[in-house]
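Asks: Sequential numbering from 1320 applies to the sequence shown in the working numbering.
Starting off with a structure, shown below.
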Amino acid sequence: MRKILLVGLMLLSHMYAGEDVYAIFNAEAIKDANLNLATSGIVSNILVDVGSEVKKGDLLLTLFNQDIESQARSTEQQYIFAKRQYERYQRSGGAVDRNTLDRYKSEYKKLEADYSYQMAMLSKTQLKAPFDGVIASKEIELGDGVSANSTKLFRLITKDVKLVLEFDFKYISKVKVGDRFDFRIDGRKEDLHTTISKIYPTASTSTRKVKAEAIVQGVIPGTFGDGYIRTK
């Protein structure tokens, strides 16, 4: 009777035990972007290099823009003067007729629009970081020419890294978000682990593999390896 009970417990534990699912992976930055500019010009200033850590909005590079900058400053002064003049006459009550007041308003509004346009043109000559990250590569030097929307200037990646796993589609019903993934990186000896954070809902028609993701730390983008998903 005791033997029968032990065998039954062993069979029951086997039924509920999770299955180890083999998976391969590549490590990728969570955000990875090739940066360019929407205008053409000559590079006049580079403020970062490979390995530089940047924050969103940091200035990375500027094209020659002294002419646009000077014009914008001049228009700004004219706009400020015209606006103050209009506001002064507006406060004066009936000292100025309505047509004259409207003309002053029209002049300052036109200068306001001109200034906004020139600042927009100036911003197109400045490359700023779209997100926090690290400069992974620099493809430009001072004095180089830049073509609009085509010249790759920098590659920016986040410090946060994810593993993109691939496993056989027949295990799609077994693998769940939250499952542990034990893995090794090619060329490194230590055993590492993380947790599945996302599972793709479709399989590749060519490889019959399903993809999943897991966030990791201390792993370099571009590395690869394999491991086992410990299903529950």
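Glycine is no exception: its CB is placed at the ideal position from the N, C-alpha and C atoms.
CB Gly-1452 to CB Ile-1476, shorter than 9 Å?
Replies: In contact: Gly-1452 and Ile-1476 (Cβ atoms closer than 9 Å).
Asks: Since Leu-1356 contacts Leu-1446 with CB under 8 Å, what's their CB separation in whole angstroms?
Replies: Leu-1356 to Leu-1446, Cβ: 6 Å. Contact.
Asks: Under three-state DSSP, which class holds His-1333?
Replies: With a pLDDT of 43 at His-1333, under the threshold of 50, the modelled position of that residue is not reliable, and no figure is offered here.
Asks: Can you check which of these residues, Asp-1487, Lys-1493, Val-1529 and Lys-1478, is closest to Pro-1540 by C-alpha distance?
Replies: When only C-alpha atoms are compared, the closest one is Lys-1478.
Asks: Could you tell me which of Ile-1454, Ile-1515, Leu-1382 and Val-1415 sits nearest to Ser-1466, measuring between CA atoms?
Replies: For Ser-1466, the nearest C-alpha among the options comes from Leu-1382.
Asks: Please identify the residue among Leu-1511, Ala-1391 and Thr-1526 whose C-alpha is closest to the C-alpha of Val-1535.
Replies: Answer by Cα proximity: Leu-1511.
Asks: Could you check if Leu-1325 is buried or exposed, using at least 16 other CB atoms within 10 Å of its CB as the buried criterion?
Replies: The predicted position of Leu-1325 is uncertain, since its pLDDT is 42 and thus under 50; a value taken from the coordinates is nonetheless stated next. Exposed, by the Cβ-count rule.
Asks: Where Ala-1448 and Lys-1528 are concerned, what is the direct C-alpha to C-alpha distance, given to the nearest angstrom?
Replies: Rounded to the nearest angstrom, the two C-alpha atoms are 35 Å apart.
Asks: Would you report the Cα separation of Ile-1518 and Ala-1531, rounded to the nearest angstrom?
Replies: Looking at the two C-alpha atoms, the distance is approximately 4 Å.
Asks: Residues bridged to Ile-1343 by DSSP?
Replies: In the DSSP output, where bridge partners are listed per residue, Ile-1343 has Glu-1485 and Asp-1545.
Asks: Relative to the alpha-carbon of Tyr-1341, which residue among Lys-1374, Leu-1420, Lys-1489 and Lys-1424 has its alpha-carbon at the smallest distance?
Replies: That would be Lys-1489, whose Cα lies nearest to the Cα of Tyr-1341.
Asks: Give the single residue among Glu-1372, Ile-1454, Glu-1338 and Glu-1485 whose Cα lies nearest to the Cα of Gly-1544.
Replies: Comparing Cα positions, the closest option is Glu-1485.
Asks: In whole angstroms, what is the alpha-carbon distance linking Gly-1337 and Leu-1366?
Replies: Roughly 52 Å between the two C-alpha positions.
Asks: Quick one, are the C-beta atoms of Thr-1542 and Ile-1504 less than 9 Å apart?
Replies: Closer than 9 Å, so yes.
Asks: Would you grab the beta carbon distance between Asp-1454 and Val-1369 for me? Rounded to a whole angstrom, and I think it's under 8 Å.
Replies: Looking at the sequence provided, one finds Ile at residue 1454 rather than Asp. Contact holds; Cβ gap of about 6 Å.
Asks: If you follow the beta strand (DSSP E) that Tyr-1519 is part of, which residue opens it and which one closes it?
Replies: Note, Tyr-1519: beta strand (DSSP E), 1511-1522.
Asks: Quick one: is Gly-1537 buried, meaning 16 or more other Cβ sit within 10 Å of its Cβ, or exposed?
Replies: It is exposed - the Cβ of Gly-1537 has fewer than 16 other Cβ atoms within 10 Å.
Asks: In chain order, what residues of the same chain lie with their CB nearer than 8 Å to the CB of Phe-1450, ignoring the 5 residues before and after it?
Replies: Once the five neighbours on either side are set aside, the close Cβ partners of Phe-1450 are Lys-1350, Ala-1352, Lys-1375, Leu-1475 and Thr-1477.
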